[in-house]
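Those protein sequence lines, which keep their order, are chains A and B.
Using our numbering, read the first sequence as starting at 1 and increasing by one per residue.
Using our numbering, read the second sequence as starting at 1001 and increasing by one per residue.
Even glycine gets a Cβ: it sits at the ideal position worked out from N, Cα and C.
Below is one structure; the comments refer to it alone.
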Amino acid sequence: MDVYLPRTLAEALEVKARRPEAVPIAGGTDVMVAINFHRLRPDAVVDLSRLPELRQWREEDGAVFVGAGMTYARLVRELSWCVPLAQAARTVGSPQIRNRGTLGGNVGTASPAGDTLPVLAAHDAEVVLGRAGGRVRALPWDQFFLGPKQTALAPDELVLGVRWRRLRGPGSFLKVGTRNAMVIAVASLCLVVDEVGRAVRVALGSVGPTVLRAPEAERFAAEQMQRAGAWDDPRAALSDAVVEEFGERVAAAARPIDDVRGSAAYRRHACAVLARRALRWALGDRRLAG
Amino acid sequence: MRVRLNVNGAWRQADVWPGASLLALLRDSLGLVGSKNACEQGECGSCSVWLDGELVCACLVLAAQADGCTVHTVESLAQGGRLHPVQEAFLDAGAVQCGFCTPGLVVAVVDLLRRDPSPSEETVREALAGNLCRCTGYQKILDAVRLAAERMTGGDRGSRA
């Protein structure tokens, strides 16, 4: 096993150009488990944990770019203005895991249960990919995540980070599991309100082959808010029946399976509960914000 | 491959299999067996150490990734034959049953109290969520954290008679 320890992003991309089979490792919270349990014996490993270019985030003309090397702990501390992302990052593992695990790892591993993925999907984020020679491309999230642990990443590419346009409006991330910590989601949900676009966006995790959106439920919520006059007057309420119906429509978008962590029926039910809760929170936040 | 790193204040080097974890390097190459090897998947916290000042599971760090870095293990805490106040508190509170999880918990508690000298119970529970005690002796562990925090901030003067 060859281990490469590049000090710059350019060096790392050169390694991937020469050795496309080299497995990227950053926080090691996925890769080391596979190596420790003899499930992975890569010919080569390339360490991304010290690339300064990936360990930063920045605002870019109304958008935000978050480097792949940002750890969950830093997302909680430094991106607290993006409430759903900070909430999702805080549910990952334990302090030890959050100090090491990275956003890029969550994206690259592409587990259906990846905690940050519903947040990225709800924000219509794009995944920024790089190759040697300064070649960069960006794929919308739904063109990058193809299935369980399957992505559109080419063998000679690395995930550089994710980018999305900043939204104005409340939002939250919710997750169901057997503990408050160290838990893989049984179901998770991110709901964000786009005040400017007058839209509600909902994404679901752990209830399909990859992260899913609930477009039909999103349209329903936006229309009902329009009908109630809630876009112009945050104090205008939605009826319980409407919130109930929203939950059912979100649950209908789920494509869950039965597995060791939960049954499909439970997961679908959880989606409805989380969706209603998230919508009520968002409406409450809008009322408070006036 | 050869890895050179600063462990508990001294530069050390070791020849390890390229896929070896930092935990394997510490235990098998350097003989520092305070960090325990239990789950090897970051679930139990028994191998908690500081890597460049950050609390991590040594089993999830590729040893090569620690090349040139600074590592502190549980062995760094007792100074000149005197236990660290957190270690003393674990003894005094009876927060030790089989003892296997203790080094990782002590490291995690020291890390917490450095950042938050008087943590709330909720903060303690969240900070220790990644450390499992299979004897389930959590209440005594929480007692030990409170005792250590009181002593380290001078808050228990008078109650100590």
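At a CB-CB cut-off below 7 Å, which residues of chain D make contact with Thr29 (chain A)? The displayed structure is made up of protein chains A and B, and chain D is not among them.
Does the beta-carbon of Gln224 (chain A) have 16 or more other beta-carbons within 10 angstroms, so that it is buried, or is it exposed? buried
Under a Cβ-count criterion, where at least 16 other Cβ atoms within 10 Å of its own Cβ denotes burial, should Thr1136 (chain B) be classed as buried or exposed? exposed
How is the alpha helix (DSSP H) around Phe144 (chain A) delimited, first residue to last? 141 to 144
Using beta-carbon positions only, say whether Gly28 (chain A) and Leu1026 (chain B) come within less than 7 Å of one another. no
Own chain, CB closer than 6 Å to Gly114 (chain A), minus 5 neighbours either side, in chain order: Asn106
Quick check on DSSP: helix, strand or coil for Ala44 (chain A)? strand
Burial state of Arg1157 (chain B) (16 or more Cβ within 10 Å): With a pLDDT of 49 at Arg1157 (chain B), under the threshold of 50, the predicted position of this residue should be treated as unreliable, and no value is reported.
According to DSSP, what are the bridge partners of Arg165 (chain A)? A:Ala63
In angstroms with no decimal places, state the Cα-to-Cα distance between Arg235 (chain A) and Ala110 (chain A). 39 Å
In its own chain, which residues sit with a C-beta less than 7 Å from the C-beta of Gln1000 (chain B), not counting the 5 before and 5 after it? The shown model of chain B, from 1001 to 1161, leaves out residue 1000 (chain B), and the question about it has no answer.
Pull out every residue of the region 83 to 98 of chain A whose Cβ sits closer than 7 Å to any Cβ of chain B, in chain order. Gly93, Ser94, Pro95, Gln96, Ile97
Below 7 Å between beta carbons: does that hold for Val15 (chain A) and Val45 (chain A)? no
Classify Thr8 (chain A) as buried or exposed, calling it buried when 16 or more other Cβ atoms lie within 10 Å of its own Cβ. exposed
Can you tell me whether DSSP reads Pro24 (chain A) as helix, strand or coil? strand
Give me the chain A residues within the contact set of Ser1021 (chain B), using Cβ-Cβ distance strictly less than 7 Å, ordered along the chain. Met32, Asn36
Check whether the Cβ atoms of Phe144 (chain A) and Val127 (chain A) sit closer than 7 Å, and answer yes or no. yes
My guess is that Arg165 (chain A) and Gly62 (chain A) are in contact by the Cβ rule of under 8 Å, so how many angstroms apart are they, rounded? 6 Å
Would you say Arg1160 (chain B) reaches chain A, if we count a Cβ-Cβ gap shorter than 7 Å as a contact? With a pLDDT of 42 at Arg1160 (chain B), under the threshold of 50, the modelled position of that residue is not reliable, and no figure is offered here.
Is the region 1011 to 1025 of chain B touching the region 74 to 84 of chain A, taking contact as three or more C-beta pairs under 8 Å? no
Under the DSSP definition of a beta bridge, which residues are partnered with Asn1006 (chain B)? B:Trp1011, B:Thr1070
Would you say Met1073 (chain B) and Asp1052 (chain B) are within 7 Å of each other, going by their C-beta atoms? According to the sequence displayed, residue 1073 (chain B) carries Thr and not Met. No, the pair does not count as a contact, with Cβ atoms beyond the cut-off.
Could you tell me whether the Cβ atoms of Val292 (chain A) and Arg201 (chain A) are closer together than 7 Å? The first residue shown for chain A is 1 and the last is 290, placing residue 292 (chain A) beyond what the model contains.
Please state the DSSP three-state secondary structure of Lys175 (chain A). strand
Considering only the alpha carbon of each residue, which of A:Gly69, A:Ile35, A:Asp194 lies closest to Asn99 (chain A)? A:Gly69
Mind checking Val207 (chain A): buried by the 16 CB within 10 Å criterion, or exposed? buried
Using a Cβ-Cβ cut-off of 6 Å (strictly less than) and excluding sequence neighbours within five positions of Val1145 (chain B), which residues of its own chain qualify? Val1109, Val1124
Cβ of Ser1048 (chain B) within 7 Å of any chain A Cβ: yes
Going by C-alpha distance, which of A:Asp156, A:Arg227, A:Pro209, A:Ala203 is nearest Glu216 (chain A)? A:Ala203
Range covered by the beta strand (DSSP E) that runs through Ala199 (chain A): 199 to 205
Backbone CA spacing between Lys1204 (chain B) and Cys1044 (chain B) [nearest angstrom]: Residue 1204 (chain B) lies beyond the stretch modelled for chain B, which goes from 1001 to 1161, so this question has no answer here.
From the beta carbon of Gly1034 (chain B), is the nearest beta carbon of chain A less than 7 Å away? no
Quick check on Arg1160 (chain B): buried or exposed, where buried means 16 or more other Cβ atoms within 10 Å of its Cβ? Confidence in Arg1160 (chain B) is poor, its pLDDT being 42 and thus under 50, which makes the residue's placement unreliable; the coordinate value appears in the next sentence. With fewer than 16 Cβ atoms within 10 Å of its Cβ, Arg1160 (chain B) is classed as exposed.
Consider the Cβ of Ser49 (chain A): report whether some Cβ of chain B lies at a distance smaller than 7 Å. yes
Have a look at A:Pro155, A:Leu160, A:Ala152, A:Pro140 and flag the residue whose alpha-carbon is nearest the alpha-carbon of Val103 (chain A). In the sequence as presented, Val is not what sits at residue 103 (chain A); that position holds Leu. Out of A:Pro155, A:Leu160, A:Ala152, A:Pro140, A:Leu160 has the C-alpha closest to the C-alpha of Leu103 (chain A).
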